[in-house]
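Chemist: Here it is: the structure, laid out below.
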Amino acid sequence: MLEMKNVQTFYGNIQALKGISLRIAEGEIVTLIGANGAGKTTTLMSVCGIVPPRAGEIFFEGRPIHHMAANKIVSLGICQVPEGRRIFPYLTVLENLDMGAFLRNDKAEIKRDLDYVFSLFPILAERRNQAGGTLSGGEQQMLAISRALMARPRLLLLDEPSLGLAPLVVKQIFEIIRKVNSEQKTTIFLVEQNANLALKVAHRGYVMENGQITMTDTAASLMANEQVRKAYLGI
Amino acid sequence: MDFGYFFELFLGGLTRGSIYALLALGYTMVYGIIELINFAHGEIYMIGAFTALIVTGVLTLMGWNKIAILILASLAAVVYSSAYGYTAEKIAYKPLRNAPRLSALISAIGVSLFLQNYVLLAQTSDFLPFPNLIPEFEFLKPVEDIVRSSEIVIYATTAVVMVALTILIKFTRIGKAMRATAQDQKMARLVGVDVDRVISITFIIGSATAALGGVLIASHIGQINFYIGFIAGIKAFVAAVLGGIGSMPGAVLGSLVLGWTESFFTGYISSDYEDVFAFIFLVLILIFRPSGILGRKDTDKV
């Protein structure tokens with residue numbers, strides 16, 4: 073579904089991605105793990121066209137997207153829940169969700185998706201008229217995921233959904249991620265520092281270091297891998 | 605206290621405030637979206653006035669009636685000024701979008717100087733008489749000593765523009781895109797907003813309201829030159845900061861407060877210090893409420 077071929081991305085003169093190649097098949101949950109500053113977020117930003125790659129190619133369902141504008145990429149069905157959630161602070165919960173469906177015109181279907189995300193996260197329905205900035209961290213993460221779901225993505229990119237959240241909330245959010253993948257058939261590309269958590273939910277994984285992919289395997293074998301266990305699982 | 609005099613000053617302040625508001629809305633919208641103080645905004649207003657003057661001259665020669673001239677001249681001013689605003693953004697600000705904010709600010713000052721001198725060369729440095737385009741309304745005859753019909757038109761236009769912009773921002777698709785872009789540009793792009801287009805439209809709307817202000821004030825005062833945009837621009841900027849830059853209700857409130865301050869101080873104390881009062885007031889507001897009357901404290905930018 074998504075294929076990155078030797079993607080190189082720069083911030084000014086600093087090279088953040090030194091030739092990333094990876095592949096995600098339809099229906100999969102694929103995780104990208106690695107330390108701080110390895111280039112995980114940049115990988116997602118390159119896919120979304122926010123920081124376009126300087127070299128290499130990115131294909132979504134066979135179509136090249138590495139030269140496309142960010143809003144065109146969203147219209148193809150790629151949606152990102154960015155790091156730090158980025159809730160529109162002065163829009164209400166409902167307005168935030170409405171922004172998620174910005175490119176859609178099918179009112180009836182939007183209403184149905186709204187009911188769906190409210191069924192996933194009932195707390196959001198309670199807070200629907202509250203400004204996004206007044207929600208707690210966990211609620212904001214729920215809102216950020218719901219906002220992305222409102223676009224009816226076929227590929228959902230999640231950047232550090234566990235960051236800064238209480239363990240119980242993290243558990244709830246990862247259950248929802250699994251549920252969305254199995255119920256909605258949404259393909260998921262999950263970036264996480266919490267490798268333990270990510271490898272439990274994912275089918276396959278990539279390990280990233282210093283702007284390069286250093287390892288790839290099924291989630292189960294990565295979990296069993298000696299190096300991964302030492303470097304990322306703390307065992 | 606002489607109530608008649610007070611009322612006269614009140615209406616005078618309302619007129620000034622309304623014109624400042626038409627300009628300040630443009631400042632505050634552009635600032636809200638890209639955090640740029642568009643110093644060329646006053647020149648857009650001046651160009652609106654000049655466009656209206658030229659169209660009026662031609663149509664008057666052709667013998668059109670006053671109302672038709674007013675409408676066509678305003679329309680031409682709006683279209684022409686919007687084109688200038690749009691082009692200025694594309695040429696002078698867009699290439700600097702990722703540069704430090706100071707660069708874009710200096711670029712804006714450059715555009716301002718360029719447009720002033722361009723009009724100076726293309727037109728003249730003299731004050732040109734501007735015909736009164738607004739007819740005297742019959743129903744205002746009994747009160748014509750107190751309020752002129754051009755003032756009524758200014759109040760009404762400002763009110764209509766304010767309501768229209770509020771509806772646009774609150775309820776339309778482009779309005780939603782504008783609010784989202786103002787709050788988090790990167791996230792707006794991630795939900796599919798075409799941010800470049802939103803910025804262009806913001807400049808067009810701001811320029812259009814400034815042009816309306818230019819036509820109305822030129823017609824009210826009766827003369828224009830290439831320099832009118834500078835002072836009006838600075839005053840409107842003060843009004844926008846006073847109200848809380850980035851906030852649209854703030855821009856209108858700031859404009860009215862500034863208009864009344866100027867009007868009452870000049871009326872009761874001395875007209876020699878008109879601008880001094882305005883700026884003293886700005887300094888006081890900035891000392892005691894740095895984010896402006898309705899501004900939010902900007903602590904959420906991480």
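Protein sequence lines, in the order shown, are assigned to chains A and B. Each residue of the first sequence is one higher than the last, beginning at 73 in the numbering used here. Each residue of the second sequence is one higher than the last, beginning at 605 in the numbering used here. In this text, a Cβ means the ideal position worked out from N, Cα and C, and glycines have one as well.
Within 8 Å (strictly less), CB to CB, does Ala142(A) reach chain B?
Modeler: yes
Chemist: For Ile137(A), which residues of its own chain have a beta-carbon under 6 Å away from its beta-carbon, when the five flanking residues on both sides are left out?
Modeler: Ile130, Ile145
Chemist: Buried or exposed: which applies to Gly617(B), given that a residue is buried once 16 or more other Cβ atoms fall within 10 Å of its Cβ?
Modeler: buried
Chemist: If we count the other Cβ atoms within 10 Å of its Cβ and call it buried at 16 or more, is Lys905(B) buried or exposed?
Modeler: Residue confidence for Lys905(B) is low, a pLDDT of 37 falling below 50, so the modelled location carries little weight; the figure read from the coordinates is stated next. The residue is exposed, with fewer than 16 neighbouring Cβ atoms inside 10 Å.
Chemist: Indicate whether Cys151(A) and Ala220(A) have their beta-carbon atoms separated by less than 8 Å.
Modeler: yes
Chemist: Taking C-beta pairs closer than 7 Å, name the residues in chain B that Gly64(A) reaches, listed in chain order.
Modeler: Nothing about residue 64(A) can be read from this structure; chain A reaches only from 73 to 307.
Chemist: Nearest-angstrom Cα distance between Trp668(B) and Glu740(B)?
Modeler: 17 Å
Chemist: Quick one: what does DSSP say Thr761(B) is sitting in, helix, strand or coil?
Modeler: Three-state result, Thr761(B): helix.
Chemist: Which first and last residues belong to the alpha helix (DSSP H) in which Ile750(B) is found?
Modeler: From DSSP, Ile750(B) is part of no alpha helix (DSSP H); its letter is neither H nor E.
Chemist: With three or more beta-carbon pairs closer than 8 Å as the criterion, would you say the region 643-659 of chain B touches the region 870-878 of chain B?
Modeler: no
Chemist: Beta-carbon of Lys790(B) versus every beta-carbon of chain A: anything under 8 Å?
Modeler: Yes, Lys790(B) lies at the interface with chain A (some Cβ there is under 8 Å from its Cβ).
Chemist: Whole-angstrom Cβ separation of Arg158(A) and Ala216(A), contact assumed at under 8 Å?
Modeler: 7 Å
Chemist: Got a sec? Which residues, its chain only, sit under 6 Å from Val153(A) by beta carbon, not counting five neighbours each side?
Modeler: Closer than 6 Å at the Cβ level, and outside the excluded window around Val153(A), lie Ala216, Ile217, Ala220, Leu230.
Chemist: Measure the alpha-carbon distance for Ala760(B) versus Gly817(B) and round it to whole angstroms.
Modeler: 12 Å
Chemist: Determine, using beta carbons only, whether Asn143(A) and Asp798(B) come nearer to each other than 8 Å.
Modeler: yes
Chemist: Using the three-state DSSP reduction, which class does Val79(A) fall into: helix, strand or coil?
Modeler: strand
Chemist: What first and last residue would you give for the beta strand (DSSP E) that runs through Gln787(B)?
Modeler: Gln787(B) -> not in any beta strand (DSSP E); alpha helix (DSSP H) instead, spanning 777-787.
Chemist: Which value, in whole angstroms, describes the spacing of the CA atoms of Lys77(A) and Lys90(A)?
Modeler: 11 Å
Chemist: List, in chain order, every chain B residue whose beta-carbon is nearer than 9 Å to that of Pro125(A).
Modeler: By Cβ distance, chain B contributes nothing, its closest Cβ being about 16 Å from Pro125(A), past 9 Å.
Chemist: Which same chain residues end up closer than 6 Å to Tyr278(A) when comparing Cβ atoms and leaving out the 5 residues on each side of it in sequence?
Modeler: Leu94, Leu104, Ile285, Thr288
Chemist: Using alpha carbons as the reference points, say which of Thr664(B), Gly689(B), Glu639(B) lies closest to Tyr649(B).
Modeler: Gly689(B)
Chemist: Identify the contact partners of Leu175(A) in chain B, using a Cβ-Cβ distance below 7 Å as the criterion.
Modeler: Those are Gly796, listed as they occur along chain B.
Chemist: In chain order, what residues of the region 689-709 of chain B put their CB closer than 7 Å to some CB of chain A?
Modeler: none
Chemist: Cα-Cα, which of Gly99(A), Gly149(A), Gln265(A) is closest to Ala223(A)?
Modeler: Gly149(A)
Chemist: Can you say whether Val764(B) is buried or exposed, counting buried as having 16 or more other CB atoms within 10 angstroms of its CB?
Modeler: exposed
Chemist: Buried or exposed: Asn253(A), going by 16 or more other Cβ atoms within 10 Å of its Cβ?
Modeler: That one is buried.
Chemist: Could you pull the DSSP bridge partners for Gly106(A) from this structure?
Modeler: Met280(A)
Chemist: With respect to the beta strand (DSSP E) encompassing Gly128(A), which residues constitute its N-terminal and C-terminal limits?
Modeler: 127-132
Chemist: Are the CB atoms of Val802(B) and Thr785(B) nearer to each other than 8 Å?
Modeler: yes
Chemist: At a Cβ threshold of 8 Å, is Tyr188(A) touching chain B?
Modeler: When Cβ-Cβ separations below 8 Å define contact, Tyr188(A) makes no contact with chain B.
Chemist: For Lys780(B), go through chain A and note every residue whose CB falls closer than 8 Å to its CB, in chain order.
Modeler: Correct list: Glu167, Asp170, Met171, Phe174.
Chemist: Just checking, does the region 608-625 of chain B make contact with the region 857-871 of chain B on the three C-beta pairs under 8 Å criterion?
Modeler: Result yes; three or more Cβ-Cβ pairs closer than 8 Å.
Chemist: Assign Glu155(A) to one of three DSSP states: helix, strand, or coil.
Modeler: coil
Chemist: For Phe731(B), collect the residues of the same chain with a Cβ closer than 8 Å to its Cβ; drop the 5 residues on either side in sequence, then sort them by chain order.
Modeler: Gln827, Ile828, Asn829
Chemist: Is there a Cβ from chain B that is less than 8 Å from the Cβ of Glu136(A)?
Modeler: As written in the sequence, residue 136(A) is Pro, which differs from the Glu given in the question. Chain B contact via Cβ: absent.
Chemist: Any idea which residues DSSP pairs Arg701(B) with across the strands?
Modeler: Paired residues: none, contrary to the question.
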